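See structure below.
Chains as they are written, first to last, in the numbering used here: chain Y, 748 to 1213; chain C, 748 to 1213.
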């Protein structure tokens, strides 16, 4: 153990209870990775925070002694945000898991960063309220990570992403200063919106210790519709037809022909062979509204040439239709030894162009690239499947080709997963040198010693060493 | 003219056309004020920008020579954001008024900062699309100012504020560096969200030259309901009843008894004497939805004890009900020689408590304080009326007392108007010294010479001199 680390740990040890500071290698090893393909690296120590004061003590000690800190909530990230790639301390938030308040009158929830998202959904829905963001990992991901990564999910077309639901946050800066950012109200223009800056900054600017989130009344009713279509162009026409009717579905999930082939044998209903694309549409609203919109949406999608439109109004039936979408991840994993998934975004009108680019890249590099995702917001999950480890460099070349195509279509490299470690080498494909430089200046302002979540967003070679 | 100013102007003169750089005192005088009570001060020169290149030239020259720059779009601000309080150059955007793109498929609009908001509304609605923010000044305010101030409006309860509709922005930094911030898609988590930071920064961090805004399908139908109520507590119960039904009106406007008395003689329908509060509810959605929600909302509000519920489904009838709200500003101005309006926000459940605090302050300082505003988001416009100029110090004491009450109720000083010049002395009532210090560090990072919109947000004494 380096002397700077041991000095920091002994300072932290005086501030927290003995069971909160852990250097046991087995425990440290369990904090070495998240749900990404980033090479695991165990931290030198783990501190399990129980209060803002613990976080202040850790940050102050680590800034003083120049020790790296990687904050971690659920550890379900997909780009390595919670992996302590340069060692040091993991600051773990599973012990701060209180829903401190759900206020019907004010339509807000106040949560600690370790609250698992699914638990928040249940708690607010039990009160007749609703929180929008719903990343697929909702049963295991935690709010701290959702805020750090600005998590989205299928419902983002109608309900937006985590930033849109964040009113205020308590954070601790790299040097251990606690700040109360934002507000408890939807409106509020008092000073700079630092909360909006910290959301999505991947734990590199400040550590989140509490958040005040916006809620809305829970939609009374939800209905689901699965359209089986002759091709992806029909999916584009269907989306445009809904827009024309003024209908904003909460989810608009697209499956391409490859992913449809994968789920065809696994689902409980027949998907005809001619179906080369599917669109899963979910509507919500008051009971009458939902029924009416379902009928109008169904008719419109039928009219643009759907092969079949399946409709579900209740829990069990709806789950049956979602099965096709839910089954995908498992089916993809079964279909090849290796899999990487990118979550690129293009403007909605460019979805067909992106799928054509995907076809060209898939053929050129001879890598299978099944694609599905959120047609409403242009956020597509492009998967790369291969069976021979030696193909990995080819896969990386294909990924870079995909990113170049996305940028050419005025898209962005990541819709939900963040840059983290995995996409850092590609940041300059999308952003100008000046813009990256400005972001580094902001990083240096918030964290002059570069101790907070090192190795993320900015490519390692360029990252300020501690 | 100082030598630094003349050097800057001669540099700018080489970069722009001769009719763009104006030093004529009469023209300069027309840029001396906005729609606030801030003391007018003419700039030394005006530059009418026609392109990003013009803005780059102005900022580079002014940073080089240390000359103040105050950006100005519509000039309709309410806290002095566009007033050149320290002289220098006004950088005017009325010449950059193009709607460059309205894209149905992508649901985006691309606009220059001089576009008047009402014109954008008309243009997107002609395409069957919709842009949410609707500050009352919409027929004269421009997008550049909307973005700088993070403008809201009555529809914010359902549709949020300007930041929620901003996907990307082109900006020019104080030193003349053009940056492309954000994206063209709703999702996108590539790097820090500097666009979210610049929105609402009141022209103090960077100059906005273009924005990509989110659009949604235009709601098919709108209906309006005016509830006349026995007191403001009934208004609170009505709002809760709607939330319980899962109905999210796009507007929820509250009038207190004082403002109701003011409009009673001016409107075309009878407002009974027993009515001591009114709630104007506006619903939108597809035709069937809207009709259904209107009926349910009407029944619910009747059930909580409304004296009368008036309903309007069509343009003319709706305008008649809005008349009560629209008439207010004029009626208030007629009712006293002097008027100041604050736009405080409290959590929704604290609206009655704020109105009680208002009553105590009004009595203590003997100043009339009629109040109306957006009950859905807790943003209330508290007016101060007086007739004798010598009462002004009393009014300022009453304003400070109001701000203290708002902060004690976990509210915020400004919901829509920003801090500007007028609220700068009060910033420390709401925010900690550390938080203000962090904001100043960000200001110093973006604008090290302090030339960009000086004298705004931070109290003048503390503001970095150029």
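Ideal Cβ placement from N, Cα and C applies to all residues, glycine included. If you're wondering where the values come from, they're calculated on a predicted model, not measured in any experiment.
Residues of the stretch 1125 to 1137 of chain Y with a C-beta atom less than 7 Å from some C-beta of chain C are 1125, 1126, listed in chain order. Contact annotation: the stretch 859 to 868 of chain C does not touch the stretch 919 to 939 of chain C, with fewer than three C-beta pairs closer than 8 Å. Counting C-beta pairs closer than 8 Å gives fewer than three between the stretch 978 to 995 of chain C and the stretch 1104 to 1116 of chain C, which falls short of the contact rule. A Cβ of chain Y is located within less than 8 Å of the beta carbon of residue 1186 of chain C. Distances from the CA of residue 936 of chain C to each of C:951, C:915, C:838 were compared; the closest alpha carbon is that of C:915.
Distance from the CA of residue 1122 of chain Y to the CA of residue 1128 of chain Y, rounded to the nearest whole angstrom, comes to 10 Å. Assignment of residue 888 of chain C by DSSP, reduced to helix, strand and coil, places it in the coil class. Residue range 1024 to 1032 is occupied by the beta strand (DSSP E) that includes residue 1031 of chain C. A contact is defined here as three or more CB-CB pairs under 8 Å, and the stretch 1020 to 1027 of chain Y meets this definition with respect to the stretch 973 to 980 of chain Y. The CB of residue 964 of chain C comes closer than 9 Å to the CB of 989, 990, 991, 992, 993, 994, 995 in chain Y, given here in chain order. About 6 Å separates the Cβ atoms of residue 1169 of chain Y and residue 827 of chain Y, confirming a contact at the 8 Å cut-off.
A direct Cα-to-Cα measurement between residue 987 of chain Y and residue 853 of chain C gives close to 10 Å. For residue 1085 of chain Y, the beta-bridge partners assigned by DSSP are Y:1133. For the stretch 895 to 911 of chain C, the residues whose beta carbon sits under 8 Å from a beta carbon of chain Y are, in order, 896, 897, 899, 903, 904, 907, 908, 910, 911. By the neighbour-count criterion, in which 16 or more other beta carbons inside 10 Å mark a residue as buried, residue 1033 of chain Y falls on the buried side.
Across the set C:870, C:788, C:910, the C-alpha of C:788 shows the shortest separation from the C-alpha of residue 775 of chain C. Its Cα nearest to that of residue 805 of chain Y, the residue Y:1199 stands out among Y:1203, Y:1199, Y:1205. Counting only residues of its own chain and dropping the five nearest sequence neighbours on each side, residue 933 of chain C has a CB closer than 8 Å to the CB of 914, 961. Scanning Y:906, Y:1140, Y:1088, Y:1012 for the CA closest to the CA of residue 783 of chain Y turns up Y:1088. Nothing from the stretch 767 to 793 of chain C brings a Cβ to less than 7 Å from some Cβ of chain Y.
The beta-bridge partner set that DSSP reports for residue 1119 of chain Y consists of Y:1002, Y:1128. CA-CA distance, residue 847 of chain Y to residue 874 of chain Y, rounds to 14 Å. Under the Cβ distance rule, residue 1005 of chain C does not count among the residues neighbouring chain Y, no pair being separated by less than 8 Å.
Taking a C-beta distance under 8 Å as the contact criterion, residue 1000 of chain Y and residue 1072 of chain Y qualify as a contact pair. With contacts defined as CB atoms closer than 8 Å, residue 897 of chain C and residue 910 of chain C qualify as a contacting pair.
Selection Y:1103, Y:1011, Y:1057 evaluated against residue 1074 of chain Y yields Y:1011 as nearest (Cα-Cα). In this structure, DSSP gives residue 777 of chain Y a state outside helix and strand, which the three-state scheme calls coil. The DSSP-derived three-state label of residue 806 of chain Y is helix. Residue 795 of chain Y is not a Cβ neighbour of residue 845 of chain Y, given a cutoff of 8 Å. Residue 1049 of chain C does not reach chain Y, its nearest Cβ partner there being about 18 Å away, counting only Cβ pairs nearer than 8 Å. For residue 1187 of chain Y, same chain residues with a beta-carbon under 7 Å away, outside a window of 5 residues either side, are 1205 in chain order. Think of a sphere of 7 Å around the beta carbon of residue 924 of chain Y: the chain C residues whose beta carbon falls inside it are 1181, in chain order. For residue 846 of chain C, no Cβ of chain Y is located within less than 8 Å of the residue's own Cβ.
When secondary structure is reduced to three states using DSSP, residue 961 of chain Y falls in the strand class. Residue 984 of chain Y is outside the set of residues whose beta carbon lies under 8 Å from a beta carbon in chain C. For residue 1196 of chain Y, the closest Cβ of chain C is not nearer than 8 Å.
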